[in-house]
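Q: My questions all concern the structure below.
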C-alpha cells in the first residue's frame, strides 16, 4: 500500500536551515508529483510547492520561493524539502503529500499524506 | 490567489444529526474542490474530490455538492468517529489554497 514516511521532529536555531525527508513506497515514485504542505500550530494548511520526481521539475507558491528548496533522490524514492533562514514563523508541521494520477491525467488534490515532520525554531 | 472562506469555524452537533459545512471561493473554481478530514494528532485524509465524488473507503454518510463559487460538505447520521477538523481545498488554480477549517465536536 502507498506510504509516505517522513523524517522525525527537528529543533533548529533561528537563521539556520533544516532538511526533511519523505520516503515513498507502494507505488512508482517517478510517476507522481509530490507536494509539501505547511500547517502552523492550530491553523490551516498552506501549499508550499511540488516536484515531479521523474524530471525534477518544480512549482512553488510565491510565498515560499526563496524559503523552500525541493529535491528528490530517485534511487531511494525519497523527496526532500530544505527550509532556509528559519524564523519562528517557520515553526510548523510539514506534510509531504501526493497528487492523484489515474495513469493518464493528474488531479491536483492530495490522495495520500505523510504523518508530518514537526519543526520548532527556537534559540 | 483564490481565497477559500469556510464556515462555520466550529460546530457542535449530536450523534445521529446531519451537519453541513460551507466553503465559498473568491472566484469560480469549476468544481475543482476537495474536502479533507483531519483527526486530532493525525494528517488530513481525503474525503471528497471534484466537489461531489467520494474517495474510496469513505463512508457514504459523507457527501459533497456545489458549483461555481459555493460548495458544501454534508455529514449524515453523525458518528463519534467524525470528530475532526474539516478543510476544503481548491485546485483550479495555482497556488492551491485551503479553507480555514471547521472543527466538529459532539454535543
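Chains as they are written, first to last, in the numbering used here: chain A, 8 to 130; chain B, 694 to 800. All C-beta atoms, glycine included, are put in the ideal place defined by N, C-alpha and C.
Tell me which residue opens and which closes the beta strand (DSSP E) that residue 798 of chain B is part of.
A: Note, residue 798 of chain B: beta strand (DSSP E), 795-799.
Q: Report the residue ranges of all beta strand (DSSP E) runs contained in full by the segment 88-129 of chain A; include only those spanning at least 3 residues, in chain order.
A: 99-108, 113-120, 124-128
Q: So does the segment 725-733 of chain B actually touch the segment 781-797 of chain B, counting three or more Cβ pairs closer than 8 Å?
A: A contact between stretches requires three or more CB pairs, one per stretch, nearer than 8 Å, and the segment 725-733 of chain B meets this requirement with the segment 781-797 of chain B.
Q: Pull up the distance between the alpha-carbon of residue 42 of chain A and that of residue 770 of chain B, whole angstroms please.
A: 34 Å
Q: Counting only the same chain and skipping the five closest in sequence on each side, list residues whose C-beta sits under 8 Å from that of residue 127 of chain A.
A: 16, 17, 18, 19, 98
Q: With C-beta atoms as the reference, is residue 695 of chain B less than 9 Å away from residue 763 of chain B?
A: no
Q: Can you tell which of B:774, B:746, B:751 has the C-alpha that lies nearest to the C-alpha of residue 765 of chain B?
A: B:746
Q: For the segment 112-127 of chain A and the segment 29-46 of chain A, state whether three or more C-beta atom pairs, one from each stretch, are separated by less than 8 Å.
A: yes
Q: Is any beta-carbon of chain B found at less than 9 Å from that of residue 96 of chain A?
A: no
Q: May I have the straight-line CA-CA distance separating residue 114 of chain A from residue 36 of chain A, to the nearest angstrom?
A: 16 Å
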